[in-house]
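Protein chains in written order, with my numbering: chain A, 1 to 116; chain B, 1001 to 1274.
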Amino acid sequence: VDDELDVLHALEEMLAQLGYEPVGFNDSRDALKAIRADPRRFDAIVSDEVMPEIIGTQLATETRKLNPTMPIVIASGYGGAGFEARALAAGVNRVLRKPYRMAEIAEALATFFAKA
Amino acid sequence: MRDSYAYAAEDLVRAGGGPELAWEGATVTTQFQPIYCVRRRTCLGFEALVQARDGAGNHIDSEEFFARAHAGGRPLLDWACRALHLRSYATVDPGDRSLFINVHPEAAVLDARRGRDFGELIRYYGLTPKRVCIEILEQPCSDERLLREAVEGYRALGASIAMDDFGIGSSNFDRVAALRPDVVKIDKSVLNGASGRDKASRALPVMVELLHELEVRVAVEGIETRAGAAAAIEARADYLQGFYFARPAAALGHEAGGFERLDHLLHPTTLAAA
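In structure tokens form, the structure reads like this:
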């Protein structure tokens, strides 16, 4: 999930290269709608934090109510002091600093799926 | 600062046997085609071209390859190809020739809109922007004003600017006036017309003359025959490129054969007398 369409395409391409089947949303409200419609449809969420309407940590909070176990990764370029703690409290499993690299996304997701 | 997008573009390029780009099931590598300077009889530089293969190793036509990329992914593919070409060139760079890199207009617009620094990518791979010529492709653009801004940005880095495939698509005199390129590359369809005896054969020299009036240097590409090369020289083109002189290749050194052909065209009697 990322409101910047080109960054979203880049993320989708990276995830596809890593062997995942990404579904991109450039509006976090659409992402939440899709999760509500079928809370088991996705195996994980990778989302930007700063977005109009629903921010990444809000998306995480709402998702947790529907699916307590789904891994959620939030990337943020800002997130001042305390962002990580706030994100983890919202149910986020992992915080990535933007700009992130493919290896970091790969590593973050691999830890979740290795456990499964 | 680089963003995740720019990193993604670089991360899609992998080491492999040499640098290669993995893109939606295809593997892409770089090939270099020499561009010759008529006046100096030297190799000005190399155009970086993609060679795409599918999973079974079959060759994919490059136009088809780019056409397959959906509109939203095209700028990312453009950036990933830039990273691929720069990385590939770094492994063969002779140190004194220019590298011509194609840039899609929409990708250029996105560079301007997002403040993406192509110069950082160029320097990362050890080249100076001065030795890079950015070829703006002939495709239409949603925002010609931003395209102009992007081109100004590339120029400010020290790169030179070329317009590709002049004579087709949006590569026309309007764009020459707007972008003020250093070089215009004339599409091969104009050259093909030049070999006939009809009015179309006059198009090439007239076009070259007009572009020279605008203080633009002119390259003729897609030269496949001796007659085509002679027509381009007669039309007073500054630069020549095509299979007749040298095919695209992964390594450099193949430009040498083209010198002989160029020499022979400019001084046809030399060999005959020898």
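Just so you know, even glycine gets a beta-carbon here, dropped at the ideal spot from N, CA and C.
Residues that DSSP places opposite residue i in a beta bridge
{"i": "Val973 of chain B", "result": "Coverage of chain B is limited to positions 1001 through 1274, which leaves residue 973 of chain B absent and any answer about it impossible."}
{"i": "Arg97 of chain A", "result": "A:Ser76"}
{"i": "Ile1233 of chain B", "result": "Partner(s): none; Ile1233 of chain B has no beta bridge."}
{"i": "Leu1147 of chain B", "result": "Answer is none; Leu1147 of chain B lacks a bridge partner."}
{"i": "Ser28 of chain A", "result": "Paired residues: none, contrary to the question."}
{"i": "Tyr1239 of chain B", "result": "B:Cys1037 and B:Ala1219"}
{"i": "Val46 of chain A", "result": "A:Val73"}
{"i": "Ile1186 of chain B", "result": "B:Phe1166 and B:Val1220"}
{"i": "Val1013 of chain B", "result": "B:Leu1021"}
{"i": "Val1132 of chain B", "result": "B:Leu1099"}
{"i": "Ala1249 of chain B", "result": "B:Phe1032"}
Limits of the unbroken beta strand (DSSP E) element including residue i
{"i": "Met1163 of chain B", "result": "Ser1160 to Phe1166"}
{"i": "Gly1045 of chain B", "result": "Thr1042 to Arg1053"}
{"i": "Phe1032 of chain B", "result": "Ala1026 to Cys1037"}
{"i": "Ala1021 of chain B", "result": "Inspection of the sequence shows that residue 1021 of chain B is occupied by Leu rather than by Ala. Element bounds for Leu1021 of chain B: Glu1020 to Trp1023."}
Integer Cβ distance of residue i from residue j, believed to fall under 8 Å
{"i": "Phe112 of chain A", "j": "Pro71 of chain A", "result": "4 Å"}
{"i": "Arg1041 of chain B", "j": "Leu1262 of chain B", "result": "6 Å"}
{"i": "Glu1216 of chain B", "j": "Leu1204 of chain B", "result": "For clarity, residue 1216 of chain B is Val in the given sequence; the question names Glu instead. Val1216 of chain B to Leu1204 of chain B, Cβ: 15 Å. No contact."}
{"i": "Ala75 of chain A", "j": "Asp48 of chain A", "result": "6 Å"}
{"i": "Arg1138 of chain B", "j": "Gly1169 of chain B", "result": "Note that residue 1138 of chain B corresponds to Glu in the displayed sequence, not to Arg. Their Cβ separation, rounded to whole angstroms, is 3 Å, which keeps Glu1138 of chain B and Gly1169 of chain B in contact under 8 Å."}
{"i": "Leu1012 of chain B", "j": "Ala1022 of chain B", "result": "6 Å"}
{"i": "Asp6 of chain A", "j": "Asp27 of chain A", "result": "No, Asp6 of chain A and Asp27 of chain A are not in contact; Cβ-Cβ is about 15 Å, not under 8 Å."}
{"i": "Glu1106 of chain B", "j": "Arg1082 of chain B", "result": "Not really, about 14 Å apart at Cβ, beyond 8 Å."}
{"i": "Gln1241 of chain B", "j": "Glu1213 of chain B", "result": "Gln1241 of chain B to Glu1213 of chain B, Cβ: 22 Å. No contact."}
{"i": "Ser1160 of chain B", "j": "Val1184 of chain B", "result": "Actually they do not touch by this definition, with Cβ atoms about 12 Å apart."}
{"i": "Phe1284 of chain B", "j": "Cys1133 of chain B", "result": "Because chain B spans 1001 through 1274 in this model, residue 1284 of chain B falls outside it and cannot be assessed."}
{"i": "Gly1153 of chain B", "j": "Asp1111 of chain B", "result": "7 Å"}
{"i": "Thr61 of chain A", "j": "Gly91 of chain A", "result": "6 Å"}
{"i": "Ile45 of chain A", "j": "Val73 of chain A", "result": "7 Å"}
{"i": "Arg35 of chain A", "j": "Thr63 of chain A", "result": "According to the sequence shown, residue 35 of chain A is Ile rather than Arg. Indeed they touch by this definition, with Cβ atoms about 6 Å apart."}
{"i": "Glu53 of chain A", "j": "Arg86 of chain A", "result": "About 19 Å separates the two Cβ atoms, so there is no contact after all."}
{"i": "Thr1029 of chain B", "j": "Ala1250 of chain B", "result": "7 Å"}
{"i": "Asp1238 of chain B", "j": "Cys1037 of chain B", "result": "7 Å"}
{"i": "Ala1009 of chain B", "j": "Leu1076 of chain B", "result": "6 Å"}
{"i": "Ala31 of chain A", "j": "Val1 of chain A", "result": "5 Å"}
{"i": "Asp1078 of chain B", "j": "His1104 of chain B", "result": "5 Å"}
{"i": "Glu1047 of chain B", "j": "Ile1035 of chain B", "result": "6 Å"}
{"i": "Asn1102 of chain B", "j": "Asp1164 of chain B", "result": "6 Å"}
{"i": "Tyr1125 of chain B", "j": "Ala1090 of chain B", "result": "5 Å"}
Bounding residues of the alpha helix (DSSP H) (the contiguous stretch that carries residue i)
{"i": "Gln1139 of chain B", "result": "Counting along the chain, Gln1139 of chain B falls outside any alpha helix (DSSP H), and DSSP gives it neither H nor E."}
{"i": "Ala87 of chain A", "result": "Phe83 to Ala89"}
{"i": "Pro1181 of chain B", "result": "Neither: Pro1181 of chain B is in no alpha helix (DSSP H) and is coded neither H nor E."}
{"i": "Ala60 of chain A", "result": "Gly56 to Leu66"}
{"i": "Met14 of chain A", "result": "Leu5 to Gln17"}
{"i": "Arg1202 of chain B", "result": "Run containing Arg1202 of chain B: none; DSSP gives neither H nor E here."}
{"i": "Arg1114 of chain B", "result": "Pro1105 to Arg1114"}
{"i": "Leu1266 of chain B", "result": "Ala1256 to Leu1266"}
{"i": "Arg1123 of chain B", "result": "Phe1118 to Tyr1124"}
Interface flag, residue i vs chain D, CB-CB below 7 Å
{"i": "Tyr1007 of chain B", "result": "Although the question refers to chain D, the structure presented lacks it and instead comprises the protein chains A and B."}
query = Got a sec: which bits of the region 1081–1097 of chain B sit with their beta carbon under 9 Å from any beta carbon on chain A, in order along the chain?
reply = none
#### Entry: Near-chain A residues of the region 1104–1117 of chain B (beta-carbon distance less than 8 Å), N- to C-terminal order
Leu1110 and Arg1114
| query | Using Cβ-Cβ distances below 9 Å, what residues of the region 1016–1040 of chain B are close to chain A? | reply | Ala1022, Trp1023 and Glu1024
Exercise for the section: Would you list, in sequence order, the uninterrupted alpha helix (DSSP H) runs of no fewer than 4 residues that lie entirely inside the region 1058–1103 of chain B? Expected result: 1062–1068 and 1074–1092
Anything in the region 90–108 of chain A with a Cβ closer than 7 Å to a Cβ of chain B? List those residues in chain order, please.
Lys98, Pro99, Tyr100, Arg101 and Met102
At a Cβ cut of 9 Å, what residues of the region 1140–1159 of chain B count as close to chain A, listed as they run along the chain?
none
- Query: Quick one, which residues of the region 1051–1079 of chain B are near chain A if we go by CB-CB under 7 Å, in chain order?
  - Reply: Gly1072, Gly1073, Pro1075 and Leu1076
(Q) Using a Cβ-Cβ cutoff of 9 Å, what residues of the region 1–14 of chain A are near chain B? List them in chain order. (A) Asp2, Glu4, Leu5, Asp6, Val7, Leu8, His9, Ala10, Leu11, Glu12, Glu13 and Met14
With 9 Å as the C-beta to C-beta threshold (strictly closer), list the residues of the region 1248–1261 of chain B near chain A in chain order. none
Taking any Cβ of chain B, which residues in the region 16–29 of chain A have a Cβ under 8 Å from it, in chain order? Ala16 and Gln17
What are the residues in the region 1163–1193 of chain B lying within 9 Å of chain A by C-beta distance? none
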